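This report concerns only the one structure given below.
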Amino acid sequence: MANAKPFCLFGVFCLLLQLFSIFRIGNGELEMNYYRESCPKAEDIIRQQVETLYYKHGNTAVSWLRNLFHDCVVKSCDASLLLETARGVESEQKSKRSFGMRNFKYVKIIKDALEKECPSTVSCADIVALSARDGIVMLKGPKIEMIKTGRRDSRGSYLGDVETLIPNHNDSLSSVISTFNSIGIDVEATVALLGAHSVGRVHCVNLVHRLYPTIDPTLDQSYALYLKNRCPSPTPDPNAVLYSRNDRETPMVVDNMYYKNIMAHKGLLVIDDELATDPRTAPFVAKMAADNGYFHEQFSRGVRLLSETNPLTGDQGEIRKDCRYVN
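Our numbering numbers the first residue of the sequence shown as 11 and each following residue consecutively.
Structure follows, in structure tokens:
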């Protein structure tokens, strides 16, 4: 009888440990190398597929980067962006804010390779995050370490929220800063993430308001004439792919040329000019324009913060077998 009480206490302690373990599993967190046991080759497979697709279709790398932003800013990094309209789901891709996005069909190639290796194991949300990381490398950007995994996929889309959560082409800088701040991204990292425009392009429908009926005085006038040549009509046909690249010098490289351009008043959007002149952001712009290493450092930090926005983990959501549809 003398040992009964200690034994009982030890049993209670063990029970608490078991309950704590269950709680942790059900409410997990992202972690490094999440698939080390369940699918050890997962990250290598994604990297290999990203490289193969890049050499076949170079613009896929830009798409992977844009997917990360559009997925994570809207509620959660949960691959809701990839869902097509079916089974009661309305695709976020129908939104005007998704205008110009493409290459979704190639996500299936990556997912199929993973399903062949490890069925029903790797989430589409992790594909979005890791393909963005690897796509940035293909665009000669920084090799971003510490991208955590363990995200799960949403069982629905947020089409009704896309219009308010994805910044518009003519939104103010204050609005964009507020949007990023709401998901835990500070001003310095926001400035760096906007540097993704270094490999982006703007369709004429989104920039003609700076050219017609008169040229925006904040634009470099010679550059404005170049833009008018790219966009010769104040009412461009949205079905005609008329656009201008943000960076004419290194259009497929994630580098600091974007900041050099906007300091020279050669940005395509109003926010570009504001970014270079607003006292909250101008010091960061000047430093990034002068130091590509500093830009890459802050861009990497921004991508990590973005990729960890409110993920579904543990027993939340699901692991889709096909990224286009809920199970």
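We put the CB at the ideal spot given by N, CA and C, even for glycine.
Every value quoted in this text rests on a predicted model; they were computed, and no experiment measured them.
With contacts defined as CB atoms closer than 8 Å, residue 183 and residue 291 qualify as a contacting pair. In the three-state reduction of the DSSP assignment, residue 274 falls in the coil class, being assigned neither a helical nor a strand state. Annotation for residue 255: the continuous beta strand (DSSP E) segment containing it runs 253 to 255. Here residue 309 is buried: its Cβ has 16 or more other Cβ atoms, across all protein chains shown, within 10 Å. In the three-state scheme derived from DSSP, where H, G and I count as helix and E and B as strand, residue 213 is classed as strand.
In the three-state reduction of the DSSP assignment, residue 89 falls in the coil class. Taking all protein chains in view, the Cβ of residue 89 is crowded by 16 or more other Cβ atoms within 10 Å, so the residue is classified as buried. Around residue 135, the same chain offers 87, 88, 89, 161, 163 as residues with beta carbons nearer than 6 Å, after the five sequence neighbours per side are excluded. DSSP, reduced to helix, strand and coil, places residue 163 within a strand of the structure shown. Taking the CA atoms as reference points, residue 80 sits about 25 Å from residue 220. Each residue's CA atom was taken as its position, placing residue 154 and residue 211 some 23 Å apart. By the Cβ-count criterion, residue 294 is buried, with 16 or more other Cβ atoms from all chains shown falling within 10 Å of its own Cβ.
Looking at the DSSP output, residue 313 bridges to nothing. Secondary-structure assignment with DSSP links residue 322 through a beta bridge to 162.
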